[in-house]
Amino acid sequence: MRILKLFENAPFRLYLGLFLVALFVLVGAILPWFAPADPLVWYTTPRNQDPSWTYPLGTTSLGQDVFWLLTWALRNSLILGLLVAFFSTLIGVFLGLAAGYAGGWLDRVLSFLMDALLCIPSLPILILMAALFGGQLALPIVGVALVLFNWPYPARQVRAVALTMREREFVNVAWFSGESSVRILVRHIFPYIAGWSAANFINTVLVGISTESALAVIGLSSAQQATLGTMIYWAINYQALLAERYVWVGAPVLAIVLMFIGLFLVSSGLSMRSAARRMSV
Amino acid sequence: QEMTDVGTPRAETLIVDMLNARVGNPTNMNMYQQGVTVNHGMHQLALSQLYDIDTAAGTQIPGLAAEMPEALNEDFTRFRVPLREGLTWSDGEPFTADDVVFTAEMIRDTPALAYSAAFIDAIASVTKVDDHTVEIETTRPTPRLSIVLGSVIYGNAFHVVPKHIWENEDPATFANFPPVTISAYKYMDHDPNGTWFLWEKREDWQNTEVGQMIGEPKPQYVLFRSYGTEERRVLAMASNDIDILTDISPESLDILRNQNDKVRGWFTDFPYANLDDPCERGIHFNTSIAPYDDPQTRWGLALAINAQRASIATFSGMMRASPLAIPPTSVLMDTYHQPMSQWLAEFTLEDGYKPFDPDYAIRLGEQLRSEGVEGIPEDPEALRELLGVGWWKHDPEQATKLLQDAGFTNDGGQWKKPDGTPFTITILAPADFEVQSQRLAFAVANEWTQFGIPTNVQQMQAGAFFTAENTGNYEVGSYWGSSCAITPDLFVRMEAWHKDYVRENGTPASHNQGRYVDEELSALIDELRAIPADDERIVPLGTDILKELVEGLPVIEMFGTSKFVPVNETYWTNYPSADNYYEGPWWWWSNFKFINAQLEPAAAD
Amino acid sequence: MSGAPILEVERIGRIYRRGGIFGGKPFYAVDDVSFTLPETPKVFSIVGESGSGKTTLARMVLRLVEPTDGTIRLMGRPLTGTSKERIDNLEFRRLVQPIFQNPFEAFSAYLPIGTYLIRTALNLKIARSEAEAVEAADAALRSVGLSYERIRGKYIRQFSGGELQRISVARALIPNPKLIVADEPVSMVDASLRMSIVNLFRQIVEEKGVSFIYITHDLSTAYYLSDHVAIMNAGRVVEQGAPGDILAYPSEAYTRELMAAIPTIGARWTELDEIDRHYAHERTRDGKSADKHHQEHS
Amino acid sequence: MIKVDNVTVGYGTTAFVKAVDRVNLTINDNEILGIAGESGSGKSTLMRAIYGDFSTGLRIASGTITGRFARNGTGAVTEAESHDFGQLWWDQISYIPQGSMSVLNPLMKVEKQVVDGLPKRERQGNRAELRRRIATFLEGFGLEESVLDAFPHQLSGGMRQRVLVAIAAFVNPRLILADEPTTALDVVVQKKILLMMVEIQRRQRNSLVLVSHDLGVHYQITDRLVVMYQGKIVEAGPTAGIFANPQHEYTQTLIASLPRIDGTRAEARR
Amino acid sequence: MRLLRYIAGRLVVYALVVVFGLTVLFFVPRLGPTDPIEAMLAKVASQGAYMDASQVDALRQSLADTFGLSGSLLEQYWAFIKRILLTGDFGPSLSMYPTPVMELIMNALPWTFGLLLTSTLIAWVLGNFVGLLSGWKPESSSSRVMEGVAICLYPIPYYILALVLSILFSYIWQIFPLTTTIRGAPWSWNLVTSILWNSFLPGASIVIVVFGWWVISVKAQTTALKEEEFVRYARLKGLGDGRILARYVLPNAILPQITFLALQIGLMFNGSLITEILFDYPGLGLLIYTAVLQGDFNLLMGTISLSVIAVATATMVIDLIYPLIDPRIRHR
Ligand SMILES: Nc1ncnc2c1ncn2[C@@H]1O[C@H](COP(=O)(O)OP(=O)(O)OP(=O)(O)O)[C@@H](O)[C@H]1O
Ligand SMILES: Nc1ncnc2c1ncn2[C@@H]1O[C@H](COP(=O)(O)OP(=O)(O)OP(=O)(O)O)[C@@H](O)[C@H]1O
Ligand SMILES: [Mg+2]
Ligand SMILES: [Mg+2]
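The listed protein sequences correspond, in order, to chains A, B, C, D and E. For the first sequence, this note's numbering begins at 583 and goes up steadily by one. For the second sequence, this note's numbering begins at 11 and goes up steadily by one. For the third sequence, this note's numbering begins at 13 and goes up steadily by one. For the fourth sequence, this note's numbering begins at 1427 and goes up steadily by one. For the fifth sequence, this note's numbering begins at 2 and goes up steadily by one.
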């Protein structure tokens, strides 16, 4: 239980989280350049190898090196997840703040949009779009669609916060200091929801990655690009789980889980630390 | 006594995997309505066709009819159809010519049934001669009436219905539930959510065509059920909850054999799969779109493929290659592939290059053996019989030359089309309804990408896929199109290549979705149209047509379909298999009723 | 523009709703209030008990709340409405600045306090560069007895309420406004600071020529500080005039009640004597306290 | 009753920040003790230490705070150190925290919040009876019975503050610690509350510690006054004595700076 | 009066949201490349039945007529909106012609609702409970373990989780059935147990995933609440931990989660799709999936419209009753 105690400690959480995230960024951003061969191409290695020195995570039934495949998959998934999370949080937070702060017709229009989008179940629409864009969604399109369906969540929350923030005196002071509405939103109100936004960001990274893999698993994402989702897709397609090729299917799953834990630790560590800093004299 | 979870004794119940998963409207068994699926046993056990198919021999056989139709005139527009005597419906009423005539008139008079239009288009009239004979007139010369009204592959839309039941109903709305059936089984129970259907053997099974032709079926009950995803179906068979599975992947069969030693494939050893499926897989082109309108391009692309690698990638090599536009089934191999291998070996492209590689099977055999696969025959002839007579060479140099001759350029590893734009290919592939074509698409994409042409695979769900294919909204596709054939008479298969069926891109085409125009080919097809299936010119004509298709290569034909259709021998035995080839393993076809009647209960240990 | 009064408030009123699950019945939080601030800098106090409408009135002057009736004119130009004459936001903020009641609520916890001063100088075009802004901030801070050096990089939690309130004043001074609206600026500040802030106001009025609207419930500081006092009750101004006149000779019972509630040193509330009398026989203590009260009253 | 013996109190676990510096103080039975002092002089800190609330990172660095409570009725005496005062909370001691606008649970009606935490001895009778007693009690503070059914946000700041005082007093403790209970309230309301607190103290004959930086308040109601400055007690004694003859410079300026309605006006100094 | 105005306003927004949703639903599939007629023909073709080309053409024409896919897009749209809003009739399913869409939905709906609603609620309750405890006592090792479990389970891709559950509990330890076999007379105890039995694994898989999310969000909420003045005051009043948790923290932590719950219903429909595909569970999700694959416009409209309406209604109902639960909103 001593290990658990460490998690009480903001820096420890933060550093462990940062370490994990950095590890993934490293694996995803740098290692792919060193891949000995394009891991997407089949039969660059013998098939169905168990992990060994030459193939650290073994090979797939298609003769791909799982380790290098994983590095590529991580890169694409990370990019997708981070971009989706970044834009949906950005758009969501900004529009939510704007709606809550401005009120009036802007609020009404934005709230309506949020409500309406929230009511439309995204997965069936994504499946439809998969058909619309030619049966197989390219990653950027998946990304755009995910942003479209994900921004209303933070927006709704943030709007509620902004509504109460509007009543806070310091917002009036900021206005009398000549701050523009945008600056008031960004500099004065946003910090109060920054912690929440970070949590939302992290959750959306995961939503991005996992929705993509859900689409991939039912064969609708871009099966020829390496993402964690398509890796799982191919593994499932070749029955890796039942055939007890656990490394192949387990590697991407574990990667998703660890990445989430890393991001989670960073966000909770950050909020713990900033709380501690503001409290200290 | 062990019971199934639907309450029947397990030892008396045959459990069969349902082809199209769950049925959404289980209490509608009116097979004439557009959205009604009858793959839940109705089609396989309870209904019957006028003519059925003997899949082992590759010939049509009489079903409800007593004999094959007899043409009454020279131009094949009038036929006498004698009906089997002594048959009764499951409610005891006798089956007579009245039922047949009623059915024909009902279809004709009910335009709301989609089939009505198709029926009227082909059949002019059906009249009763006596209780067990009808006469049929067609709208145009139809040398093969049994194909129009009976099963060749899977089944046929024409189902005789009991007049005494249907005459008081509106067929457009009638649910036909519970159905009165004509074959040896009758409806017993079903799941309101459509996951399973239970059929029970009729006490009067003697009064059915199965009873007359084969004898008493042993399973007292047949349960058709859906287990959902492939993983679940595999787990179900591994735990003996299902006796017969429809298509699965080779990996799944591998798992099953490891998990349960009562499970077997078509072959007990390599290649496990049945290779006699009457549909072939290959890479199709929309030949109306540049640069695929040039046979040089198509040939170039064909020679850029390493078929050996593609075979392993697709199904671990458990496939039979075919350079011809007909599936390499045992029957057709004997009729066409083997006799034509000499011609193939000598066949030259325009520039004198000989593209055929007769040793494909031998080299693949070696490679598989080196990977530790057991049970590969040593004898070259046996290998050719197993893995195919040969295929096109993998010759990137020649491929480059052909492409360059066709106007392509390659600077610095980047292929450019004749019009100067970069050459990339998109292969349209089934998303999750046909695993072999899907994997083949990825395998070929892998080959072309390695050759230097960036190729990606565009997977589409069934609806979208067929819409794209029929409207010509694709360039390269991986599926069978209409590439199915089972009898040496190639009419059914080749008719589809006729230029008459070519439609503009954007308009749906019912045949010839590749929009291939070849005058000589069309002339040969016209000839074939005019002769009946038992004419002696059938095979020579078929051979000529196949040669024509090799030259033009509108499709890079690759492999016959390998059907991994495992059975579990825990409760039932005497399934058809490579060693016991009394029928092919198409459990979802109308002839399943004949297989079912020959199964034996496993000896209780 | 010269000659026009700084602020003219004409018969303004504001309706709110109260009670009920949704909405409730309307009532006037501010009802038909008029007053004028002359051109010469003055301190105008508004005194009244809680809920009498002081804040609402102040917020209408600050353009934070729309009046339901009446008009407000700043330097002769309308503050509300749609007319072309209406003062634009930038100009308005250079003319009028607020000081709020709770100093701990007046700044974001996430920004160094200095930012507010710098931004005010830059946004309101008092300074053209960061350096000039720092200078302006420092000057303003010095006039309230602080310096920029002392607050640089510090956050709200690192200040006492009195300091914060003085920083608020400094911020308000930066654009050299004509009018500062201070809503109970000292009620949350302790007594010693209270007087220094109040004196600071006086000093600002005199040295910088800024007028004040000083809102308070504390009659004594109002009396001490202002040139003109308005007593509010239930949304209406019940009495107004020079503090000397009004407080020396209150004509309204309400004003007298307000005065009586001030805990003045030297004048003990009579109610306390009643309580003591009531419990006198029970008191165990030596009775000194009773004597003490006696002495002070005599 | 409470003896504060040479106590130094501060905050922080790693770096200790002194807030109260070597303070000696006695709180007697049956008296109103006032604590005055400028902001940040450690008044609240001292109160927390006396109450035994160490949840804010407060630490007693040296010295002791001991209490001796005689139970009402039985007269049983409990002695404890402030670290163990927790068991006496809302029984022998009650507390009105500073800045108490948001200390009421927004989702609980006022009545429940009064009853919640009441010691057994005060819970006599059935619910209706208890409610009536509370209502009568509140009436003394000028609050109607309907307040009991209100949620906190429905009350004005003054009402909320009165509710808090009422909650703390209804417990009938031996000692009430009130940290600036009337700051930010208007004078009319302030007067009502102060009178009420005096009344209660007289009736219960318990002790009341009142923190306020308003010397006028101290003058009105306290028996004894303590003036704090920068964490230290700079002056202590009977209230009347201090006002008559302030010793410490800080006290002198405090008293001198208070405006009086009949006194000089700033404007007049022009 | 004001109450009526408020409700009326909310209802107008509700109606607009529904119409907006329906409009999107109408146009998106029609812009798509799937032609339901070709899909239907393909179904016939994929089973290999032979028809010559002129027969296929005849079939194509007759299908177009029966499905009523004629007229301009706009005409179809108005007809559609009118029909749905006035009669709630989605017409016949195209892929299961002529079974009415409503009938298919009505068969599927109880399953989806039963499964999703219960499992979402269970997850909500469990998640709130665990989140509350671990936020309240973050230092206790049991709460840390719970949080750890939640954080590790939550990100596992749903498909994998469900698959692993099936392998473990239906194959290796054959506790739960591999496929849904629901038997028993209507309204009988057998039926109930059979349903529970068959729904356990799909339900559990939903609970596990959603649970993690609730734990994380409620924990954050609770940690923040602990710092609130009124919680500290309650402690100073000498109240015990249990009391403070139950009366002070819990209600304040739960309230925002109620709005979240409404949003969760939307996500529920997403989840149902994959769950039902995976477990072959006879609900709406599977129906939606079939509809998408077959280009069955009517069924698609029916199923998705229904989920749009369900989510919109849930949000509206929560909006309407929220003021009754939260006194602060009520009196604003
Ligand atoms: N936004 C609002 N909605 C409804 N009623 C309001 C609103 N703001 C203020 N009120 C009500 O208007 C009346 C006047 O409020 P106001 O804040 O102006 O009083 P005040 O004199 O400033 O009181 P205090 O001394 O407590 O600050 C009060 O009854 C108050 O409850
Ligand atoms: N939780 C805390 N952590 C660290 N330091 C604190 C904390 N609370 C108060 N302090 C510091 O302790 C000192 C004394 O504060 P305290 O609150 O006791 O003053 P006070 O006399 O009550 O002032 P006021 O009149 O403003 O309430 C101040 O310097 C303050 O900054
Ligand atoms: Mg006010
Ligand atoms: Mg204090």
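Just so it is clear, CB atoms sit at the ideal spot from N, CA and C, and this is done for glycine as well. Bear in mind the structure is a predicted one, so any value in this text is a computation, not a measurement.
{"query": "When a residue counts only if its C-beta is closer than 7 Å to some heavy atom of ligand 5, which residues count, in chain order?", "result": "No copy of ligand 5 appears in this structure; the ligands present are ligand 1, ligand 2, ligand 3 and ligand 4."}
{"query": "Counting contacts by CB-CB distance shorter than 8 Å, is A16 of chain E in contact with chain B?", "result": "no"}
{"query": "So is T2 of chain B in contact with chain A if we call contact Cβ pairs under 8 Å?", "result": "Within the shown structure, residues of chain B are numbered from 11 to 615, placing residue 2 of chain B beyond reach of any answer."}
{"query": "Comparing the C-beta of V220 of chain B with each C-beta of chain E, is any distance below 8 Å?", "result": "no"}
{"query": "Beta carbon of Y1437 of chain D: closer than 7 Å to some heavy atom of ligand 2?", "result": "yes"}
{"query": "Short of 7 Å Cβ to Cβ, which residues in the segment 321 to 346 of chain B face chain A?", "result": "A323"}
{"query": "Taking Cβ positions, are W206 of chain B and F187 of chain B nearer each other than 8 Å?", "result": "no"}
{"query": "Assuming contact is defined by CB atoms lying nearer than 8 Å, are V222 of chain C and K190 of chain C in contact in what I supplied?", "result": "yes"}
{"query": "If contact is defined by three or more beta carbon pairs under 8 Å, each pair taking one atom from either stretch, is the segment 224 to 240 of chain B in contact with the segment 18 to 38 of chain B?", "result": "yes"}
{"query": "Touching or not, the segment 143 to 156 of chain E and the segment 221 to 240 of chain E, by the rule of three or more beta carbon pairs under 8 Å?", "result": "no"}
{"query": "May I ask whether a heavy atom of ligand 1 can be found less than 7 Å away from the beta carbon of Y122 of chain C?", "result": "no"}
{"query": "I think E77 of chain B touches P92 of chain B, with their Cβ atoms under 8 Å apart; what is that distance to the nearest whole Å?", "result": "5 Å"}
{"query": "Considering only heavy atoms of ligand 1, does any lie closer than 7 Å to the CB of H1509 of chain D?", "result": "no"}
{"query": "Compare the beta carbon distance of A613 of chain B and P153 of chain B with 8 Å and say whether it is the shorter of the two.", "result": "no"}
{"query": "Of all the CB atoms in chain C, is at least one closer than 8 Å to the CB of K1429 of chain D?", "result": "no"}
{"query": "Could you give the distance in angstroms between the alpha-carbon of L197 of chain E and the alpha-carbon of P203 of chain E?", "result": "10 Å"}
{"query": "Would you tell me roughly how many angstroms separate the C-alpha atoms of A680 of chain A and F668 of chain A, rounded to the nearest one?", "result": "18 Å"}
{"query": "Can you list, in chain order, the residues of the segment 92 to 103 of chain E whose Cβ is nearer than 9 Å to any Cβ on chain B?", "result": "P93, S94, L95, S96, M97, Y98, P99 and T100"}
{"query": "What's the call for R154 of chain C, buried or exposed, on a 16-neighbour Cβ count within 10 Å?", "result": "exposed"}
{"query": "Can you tell me which of the three DSSP states H294 of chain B falls into?", "result": "strand"}
{"query": "Compare the C-beta of H1639 of chain D with all C-beta atoms of chain C and state if any pair is closer than 8 Å.", "result": "yes"}
{"query": "Can you confirm whether V691 of chain A, when its beta carbon is compared against all beta carbons of chain E, has any partner nearer than 8 Å?", "result": "no"}
{"query": "Mapping DSSP to helix, strand and coil, what is Q175 of chain E?", "result": "coil"}
{"query": "Considering only their Cβ atoms, is the gap separating G243 of chain E from W112 of chain E smaller than 8 Å?", "result": "no"}
{"query": "Less than 8 Å between CB atoms is the rule here; does S1572 of chain D satisfy it with respect to chain E?", "result": "no"}
{"query": "Using CA atoms only, rank isn't needed, just tell me which of B:T410, B:D286 and B:Y581 is closest to Y591 of chain B.", "result": "B:D286"}
{"query": "Mind checking if S1481 of chain D is an interface residue toward chain H, Cβ cutoff 8 Å exclusive?", "result": "Included in the structure are the protein chains A, B, C, D and E, with no chain H among them."}
{"query": "If you follow the alpha helix (DSSP H) that E219 of chain B is in, where does it begin and where does it stop?", "result": "E219 to M223"}
{"query": "What residues in its chain sit with their C-beta under 6 Å from that of L692 of chain A, if we drop five residues either side in the sequence?", "result": "L677 and A681"}
{"query": "How about Y261 of chain C: is its Cβ closer than 7 Å to a heavy atom in ligand 1?", "result": "no"}
{"query": "Quick check on the burial criterion: 16 or more other C-beta atoms within 10 angstroms. Buried or exposed for F772 of chain A?", "result": "buried"}
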